[in-house]
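S.K.: Numbering (the numbering used here), first residue to last: 7 to 282.
Take this structure, written in structure tokens, and hold onto it; I'll ask about it next.
This is the structure in structure tokens:
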């Protein structure tokens, strides 16, 4: 028993030291935390959610919405820049903080944040925060009947679960997120007539090719309205690293991002369907 208590105390001390070290690096290294990146806050609930909102040149009124859910490092400048890109494509883009203002650049702490907020049994995957982001877009005058949600890494899993659990979005984009494995959730996406796009790397050490195949098959068998999976055999996990890789014009990151944006423009704006 004493050894267990000692081990628990050591783990707690190491965790506390990691947090202090991380915060010191944030201050000394010029790292922008979520509270510095966010430019807005939800106003529709008692516990406001930090947001980054980008609005198209013509304004938010009646524009379609894309909710953007971050990787396990938290809401960072990367998500803000991707939102700005989406706004240039005519969307009201809302990046949602799933971690209550916490962010990091250290993998051990990022894992802790992801597990605590999304991956542990009984976790909500940030559903109330994402709902707050959607309500905020509605308050800006955006057309939330034309809403989509995309997510990266843990945010990809959160996006899929939000779409399945709420039926609130027309379009779902998953960048290497934890697959759904519940037939009921797939059937919920089908009932909501949600179109699904996803991208995975063939060398992803979190989700094998068979995992991805099973995910696609689950959605197809449930008769989800549209299922489009992109596979990049030479890529690992989290290959859409930053805006620079997106803007490169070549490579998997650029290809996946452009494919996703085209999907969103088609399903939310009618571009390429004759409905625009």
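Even for Gly, the Cβ is constructed at its ideal location relative to N, Cα and C.
Between residue 263 and residue 204, what straight-line distance do the alpha-carbon atoms span, to the nearest angstrom?
M.R.: Going by the C-alpha atoms only, they are around 11 Å apart.
S.K.: Identify which residue in 79, 119 and 90 has its Cα closest to the Cα of residue 253.
M.R.: Residue 90 is the option with its Cα nearest to residue 253.
S.K.: Going by DSSP, which residues form a beta bridge with residue 158?
M.R.: In the DSSP output, where bridge partners are listed per residue, residue 158 has 181.
S.K.: Looking at residue 266 and residue 181, is the spacing between their C-beta atoms short of 9 Å?
M.R.: It is a contact, given that the beta carbons lie within the stated cut-off.
S.K.: Using the three-state DSSP reduction, which class does residue 113 fall into: helix, strand or coil?
M.R.: Correct three-state label for residue 113: helix.
S.K.: Apart from the five residues just before and just after residue 56, which ones in its own chain have a Cβ nearer than 7 Å to its Cβ?
M.R.: Closer than 7 Å at the Cβ level, and outside the excluded window around residue 56, lie 40, 41, 44, 47, 81, 103 and 107.
S.K.: Hey, how far is the Cα of residue 99 from the Cα of residue 188?
M.R.: Their Cα atoms are separated by approximately 29 Å.
S.K.: Can you tell me which of 227, 122, 179 and 221 puts its alpha carbon nearest to the alpha carbon of residue 196?
M.R.: Checked all of 227, 122, 179 and 221; the closest Cα to residue 196 is 227.
S.K.: Would you mind stating whether residue 120 and residue 160 have Cβ atoms separated by less than 9 Å?
M.R.: Result yes, Cβ atoms of residue 120 and residue 160 sit closer than 9 Å.
S.K.: Can you name, in chain order, every residue of its own chain whose Cβ lies under 8 Å from the Cβ of residue 269, other than the five neighbours on each side?
M.R.: Contacts found: 177, 179, 201, 203 and 234.
S.K.: Kindly examine the ligand NAP and report whether one of its heavy atoms sits closer than 8 Å to the Cβ of residue 274.
M.R.: You won't find the ligand NAP in this model; it holds no ligand whatsoever.
S.K.: In the DSSP output, which residue or residues are listed as bridge partners for residue 236?
M.R.: 205.
S.K.: Rank 186, 116, 153 and 221 by C-alpha distance to the C-alpha of residue 79 and give the top, closest one.
M.R.: For the residues 186, 116, 153 and 221, the minimum Cα distance to residue 79 belongs to 116.
S.K.: DSSP on residue 61, reduced to helix/strand/coil?
M.R.: Three-state result, residue 61: coil.
S.K.: Assuming residue 268 is part of the alpha helix (DSSP H), what are its boundary residues?
M.R.: Element bounds for residue 268: 258-270.
S.K.: For residue 109 and residue 224, what's the separation of their Cα atoms in angstroms?
M.R.: Distance between the alpha carbons of residue 109 and residue 224 is about 33 Å.
S.K.: Output the boundary residues of the alpha helix (DSSP H) element that contains residue 252.
M.R.: Looking at the DSSP string, the run of the alpha helix (DSSP H) that includes residue 252 is 249-253.
S.K.: Rounded to whole angstroms, what's the CA-CA distance from residue 192 to residue 238? Just pull it up for me.
M.R.: Cα to Cα, residue 192 sits roughly 24 Å from residue 238.
S.K.: Suppose the cutoff is 8 Å on Cβ atoms and the five residues either side in sequence are ignored; what does the same chain contact list for residue 260 look like?
M.R.: Around residue 260: 251, 252, 253 and 254.
S.K.: Please list the terminal residues of the continuous beta strand (DSSP E) segment that includes residue 224.
M.R.: Looking at the DSSP string, residue 224 is not in any beta strand (DSSP E); the run it does join, the alpha helix (DSSP H), is 215-227.
S.K.: May I have the straight-line CA-CA distance separating residue 167 from residue 153, to the nearest angstrom?
M.R.: Between residue 167 and residue 153, the C-alpha separation is close to 15 Å.
S.K.: What is the DSSP secondary structure of residue 186, counted as helix, strand or coil?
M.R.: Three-state DSSP puts residue 186 in coil, outside helix and strand.
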